[in-house]
Amino acid sequence: MTTPEEQAKYIKLYQGNLIPLRVCLVGFTWGLHDYLVTLEDEMKYIWSMKWSFNKFMFFWIRYYTLTLLLFDVIQIHVFSIPGVTNDNVCVAMDSIIRVVGALSLWSVEIIMQLRVYALYKCSKKIAIINALLFLGSIGGFMYVLIHNAQRRRAVIADAIHLPLPGCPSIHSGIEWAQWVPATAYEGVLFGFALYKTLKSTTVRLRSGTRVGLYSLLLRDNLFYFFAIAFVLVFNNLMVVGITKIPWFSYAPFHAAVGILTTRMMLNVSKAATTDVIVNGSNSKPWSKRTGTVNTWHAASHAPSGSTLTRSDEPSTLDSFEMKYTRPARSARMGAV
């Protein structure tokens, strides 16, 4: 570091490595805070459910996210200790960090596939299309991962010997493409949800039924789909450098994806816990839980004479009109 250019480069790298040291703590704190805030809802709406794939996926995403955030903190801070890192360790950990993050994202996308599957009345065609695209996004991710891993050693060769707190935070080559397949697939899922939401809105407008936009977005999960897609796009833009924001580690992205997904699943479970459908003039209600994958077929198996039918587009599956799902209202209607 004899020239001003080399000194400036070193200072930039050093400052760039300090940012993840601090931001990873923010990500972990955010994830832990959300966990504590929503723990009561988890105990009330999730623990009481029978064991199912949906319940397993909730616990997996919930606690894997916390584990992943803790891993981010430990890995980044341990690597900041002088003498811990070297070429081999940095190259290996670069791939490991991406794989453990991808496991979280793929788990989330499985849940989102099931949500789309439910919104489209358990369409096998939609399920097959999404499954094939999902496998394609995984294949694209693995290709870019292997390509970058083979070239990572050369990328950090000039900086690995510098006294930096951790592995050099350098992005080059086609590293920007690492999350493009997942982002593209997320866009497809968002498109499916958007189409269903627009279709439901059109039906409501034609029938004269008015529903608040925010409630509609939440009920059809469009808000969550868009938020996760936005997180992935922002992540890609940061790697490319378009945002002019320094790279601050994957921790905030891991936290955001996990928090959004668990809140989406909690939201569905809350709405499903007390769902009661009144069968016309008959005071005997039909109660159903829509919080599990196994009962997402319920919309096509409503009891004869029920106010819910397959043609009720605005109330697809577990997205029933709130006027039918509030116990207080149902009780009043039954009393009449």
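Read left to right, the sequence shown gives residues 0 to 335 (numbering that gives the first Met the number 0). Positions of the beta carbon are idealized from the N, C-alpha and C atoms, including for glycine.
Just verifying my parser: in three-state terms, what is the DSSP assignment at residue i?
i, result
"residue 23", "helix"
"residue 18", "helix"
"residue 247", "coil"
"residue 53", "helix"
"residue 83", "coil"
"residue 177", "coil"
"residue 195", "helix"
"residue 167", "coil"
"residue 125", "helix"
"residue 147", "helix"
"residue 92", "helix"
"residue 156", "coil"
"residue 207", "coil"
"residue 268", "helix"
"residue 45", "helix"
"residue 8", "helix"
"residue 59", "helix"
"residue 119", "coil"
"residue 162", "coil"
"residue 220", "coil"
"residue 1", "coil"
"residue 241", "coil"
"residue 290", "Note that residue 290 scores a pLDDT of 37, beneath 50, so its modelled location is shaky and nothing firm can be said."
Give the C-beta separation of residue i and residue j to the nearest angstrom, bearing in mind that I take them to be a contact with Cβ-Cβ under 8 Å.
i, j, result
"residue 193", "residue 236", "With a Cβ gap of about 21 Å, residue 193 and residue 236 do not count as contacting."
"residue 204", "residue 40", "That belief does not hold up - the Cβ atoms of residue 204 and residue 40 are roughly 33 Å apart, past 8 Å."
"residue 256", "residue 104", "6 Å"
"residue 254", "residue 29", "5 Å"
"residue 16", "residue 144", "The pair is not a contact, with the Cβ atoms about 22 Å apart (cut-off 8 Å)."
"residue 252", "residue 234", "5 Å"
"residue 239", "residue 175", "5 Å"
"residue 173", "residue 146", "6 Å"
"residue 69", "residue 27", "6 Å"
"residue 188", "residue 224", "6 Å"
"residue 34", "residue 268", "Not quite, the Cβ-Cβ distance comes to about 16 Å (not below 8 Å), so this is no contact."
"residue 199", "residue 148", "Rounded, the Cβ-Cβ distance is 44 Å, inconsistent with contact."
"residue 37", "residue 262", "7 Å"
"residue 245", "residue 18", "5 Å"
"residue 65", "residue 31", "7 Å"
"residue 260", "residue 137", "Actually they are not in contact, since the Cβ atoms of residue 260 and residue 137 sit about 18 Å apart, beyond 8 Å."
Leaving out five residues on either side along the sequence, give the residues of the same chain with a beta carbon under 7 Å from the beta carbon of residue i.
i, result
"residue 249", "71, 96 and 100"
"residue 86", "152 and 159"
"residue 83", "77"
"residue 336", "Given that the chain is displayed from residue 0 to residue 335, the structure contains no residue 336 and the question cannot be resolved."
"residue 161", "9 and 12"
Near residue i, which residues of its chain fall below 8 Å by C-beta distance, leaving aside the five closest residues on each side in sequence?
i, result
"residue 63", "102, 103, 106 and 257"
"residue 156", "86"
"residue 167", "12, 16, 89, 155, 158, 159 and 161"
"residue 186", "228"
Going along the chain, which residues of its own chain have a beta-carbon closer than 6 Å to the beta-carbon of residue i, five neighbours each way excluded?
i, result
"residue 191", "115"
"residue 242", "236"
"residue 112", "129"
"residue 280", "Low per-residue confidence applies at residue 280: pLDDT is 43, beneath 50, and the placement is therefore not dependable enough to give any value."
"residue 300", "Below a pLDDT of 50, predicted positions are generally treated as unreliable, and residue 300, at 39, falls in that range; no measurement from the model is reported."
"residue 177", "143"
With a threshold of 7 Å (Cβ to nearest heavy atom), would residue i be considered close to the ligand FAD?
i, result
"residue 77", "This structure simply doesn't include the ligand FAD, nor any ligand for that matter."
So that I know if they touch, is there some Cβ in chain D lying closer than 8 Å to that of residue i?
i, result
"residue 72", "Of the chains in the structure shown, none is chain D; there is only one protein chain."
So, do the stretch 106-119 and the stretch 75-87 have three or more beta carbon pairs nearer to each other than 8 Å? no
Across the stretch 181-199 and the stretch 81-94, are there enough close Cβ pairs to call them in contact, namely three or more that are closer than 8 Å? no
Under 8 Å: do the stretch 121-138 and the stretch 54-64 share three or more Cβ pairs, one atom per stretch? no
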